[in-house]
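Asks: Residue numbers (this note's numbering): 2 to 343. First the structure, then my questions, so here it is.
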Amino acid sequence: MKEKIEALRQSFEQELQKAASSDAVEKLRVAYLGKKGSVTELLKGLKDVSAQEKKELGQHVNQLKKQVEENLARQVEAIQAAEEQREIDSAEQYDVTLPTAGAKGSYHPITIVQRQLEEIFVSMGFTVEDYPEIVTDYECFEAVNVPKDHPARDMQDTYYLENGQLLKTQTSAAQNAILRKYGAPCRAIFPGRCFRNEATDASHENTFFQMEGVMVDKDISISNLIYFMKTMLSEVFERDVKVRLRPGFFPFVEPGFELDINCLICGGEGCSTCHHSGWVELCPCGMIHPNVLKMGGVDPEEYTGFAFGLGLTRLVMMKYGVKDIRDLNSGNLKALGQFVHE
Ligand code: FA5
2 MKEKIEALRQ SFEQELQKAA SSDAVEKLRV AYLGKKGSVT ELLKGLKDVS
52 AQEKKELGQH VNQLKKQVEE NLARQVEAIQ AAEEQREIDS AEQYDVTLPT
102 AGAKGSYHPI TIVQRQLEEI FVSMGFTVED YPEIVTDYEC FEAVNVPKDH
152 PARDMQDTYY LENGQLLKTQ TSAAQNAILR KYGAPCRAIF PGRCFRNEAT
202 DASHENTFFQ MEGVMVDKDI SISNLIYFMK TMLSEVFERD VKVRLRPGFF
252 PFVEPGFELD INCLICGGEG CSTCHHSGWV ELCPCGMIHP NVLKMGGVDP
302 EEYTGFAFGL GLTRLVMMKY GVKDIRDLNS GNLKALGQFV HE
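Printed below as a string of structure tokens:
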């Protein structure tokens with residue numbers, strides 16, 4: 002029986018070398034390990050040998066069985082890898098530098114509007130600043146007059162890193178650094194991506210864009226604030242839009258306002274985008290709180306300033322009539338490809 006086992010091992014190895022397709026390997030598996038396969042027959046034959054021989058021969062047959070199983074699996078893997086390689090080699094080769102035949106690439110609508118806003122503000126003497134998305138608790142909250150345990154923190158839950166840093170909830174997180182960088186007088190805008198841990202709906206995302214602006218100088222008043230907000234909106238929308246200013250509370254401004262825009266999705270009639278109010282909260286703003294100026298190294302006795310935190314993503318929705326904010330982060334080219342920048 003030992004010779005039989007050895008002969009089977011050799012014939013298997015020879016046949017395996019010739020098995021060049023998955024089908025051929027499968028046939029071999031059936032021929033050796035199937036119900037009536039040669040190895041199976043050997044195992045069955047063990048019942049006819051003496052108990053002493055059974056121990057030794059059983060070991061040999063089982064070794065052969067293991068070897069057959071392992072080599073079959075290896076062969077299947079090799080055949081699949083070769084097939085994949087053949088597919089890759091025969092795939093259509095193309096030159097990525099050639100111009101496309103049909104579809105044009107386009108900027109994301111948020112980028113288009115952000116750049117437009119940057120141009121408007123630059124023309125009014127503002128500089129454009131970039132700021133990190135990961136900030137400290139001090140930058141995001143304490144430096145803008147929101148101490149630890151302040152109730153206003155409840156409205157801006159976010160995602161925290163293990164080292165205590167966080168994904169910024171508001172572009173106001175850059176106010177302190179900008180004031181320290183430029184001192185007074187200063188005019189700067191700082192667009193950026195913000196993050197909040199909150200339920201999403203047609204007008205709320207957990208990841209959205211804001212554009213903050215500050216202007217600090219001698220004798221800056223609410224009239225300056227209103228002038229800049231009106232100019233910005235009429236330039237962006239290129240038509241008259243109804244806005245309303247109402248009191249709003251933010252610990253970093255005093256007085257503070259909410260600037261709402263008449264919902265351009267429903268024309269003010271009420272829809273899911275404006276939560277059936279006819280108005281969309283767009284640009285909270287106000288006169289910078291003396292504490293914030295002080296923390297930024299600016300003397301509040303000598304200087305005053307305004308700050309605004311424009312909801313850039315919401316502005317894009319209003320400008321282009323996007324009903325659901327989630328479409329903007331969807332990566333859906335059918336929706337986003339419509340905004341080709343002229
Ligand atoms: C703030 O974030 C203040 N930092 C704004 C500010 C700056 C006030 C300077 C005064 C002075 P608020 O949480 O309301 O405020 O957000 C500002 C704007 O961001 C909102 O009006 C809205 O347009 C947009 N926004 C806020 N949360 C979301 C969200 N989850 N999804 C989309 N847009 C949002």
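From the three backbone atoms N, C-alpha and C, an ideal C-beta is built for every residue, glycine too.
May I ask you to report which of helix, strand or coil DSSP gives C272?
Replies: Of the three classes helix, strand and coil, the one that applies to C272 here is coil, per DSSP.
Asks: Can you tell me whether K56 is buried or exposed, with buried defined as 16 or more other CB within 10 angstroms of its CB?
Replies: Burial call: exposed.
Asks: Where M233 and A336 are concerned, what is the direct C-alpha to C-alpha distance, given to the nearest angstrom?
Replies: Answer to the nearest angstrom: the Cα atoms are 26 Å apart.
Asks: Taking Cβ positions, are P192 and Q117 nearer each other than 8 Å?
Replies: Not a contact, by the Cβ cut-off of 8 Å.
Asks: Considering only residues of the stretch 204-250, which uninterrupted alpha helix (DSSP H) runs meet the minimum length of 4 residues and lie entirely inside it, listed in chain order?
Replies: The stretch 204-250 contains these whole alpha helix (DSSP H) runs: 223-238.
Asks: Are the stretch 186-200 and the stretch 210-225 in contact at 8 Å, needing three or more beta carbon pairs?
Replies: A contact exists between the stretch 186-200 and the stretch 210-225.
Asks: Report the CB separation of V281 from C275 in whole angstroms; it is logged as a contact under 8 Å.
Replies: Sure, about 5 Å apart at Cβ, within 8 Å.
Asks: Looking at ligand 1, does it come within less than 7 Å of A21, judged from the CB to the closest heavy atom?
Replies: Because no heavy atom of ligand 1 lies under 7 Å away, the Cβ of A21 does not count as near it: no.
Asks: Quick check on T345: buried or exposed, where buried means 16 or more other Cβ atoms within 10 Å of its Cβ?
Replies: Absent from the structure is residue 345, since the part of the chain shown begins at 2 and ends at 343.
Asks: Starting from M355, follow the alpha helix (DSSP H) in both directions and report where the run begins and ends.
Replies: As displayed, the chain neither begins before 2 nor continues past 343, which places residue 355 out of reach and without an answer.
Asks: With 16 as the cutoff for other CB atoms within 10 Å, does E140 come out buried or exposed?
Replies: With 16 or more other Cβ atoms within 10 Å, it is buried.
Asks: What's the call for R75, buried or exposed, on a 16-neighbour Cβ count within 10 Å?
Replies: Counting Cβ neighbours within 10 Å, R75 comes out exposed, since fewer than 16 surround it.
Asks: Can you tell which of G279, E54, A308, P285 has its C-alpha closest to the C-alpha of V293?
Replies: Here the closest residue by C-alpha is A308.
Asks: Between the beta-carbon of I6 and the beta-carbon of V69, is there less than 8 Å?
Replies: No, they are not a contact pair.
Asks: Between L329 and L283, which are expected to be in contact by the criterion C-beta below 8 Å, what is the C-beta distance as a whole number of angstroms?
Replies: The pair is not a contact, with the Cβ atoms about 15 Å apart (cut-off 8 Å).
Asks: Applying the criterion that 16 or more other CB atoms from any shown protein chain within 10 Å of the CB defines a buried residue, is I266 buried or exposed?
Replies: Counting Cβ neighbours within 10 Å, I266 comes out buried, since at least 16 surround it.
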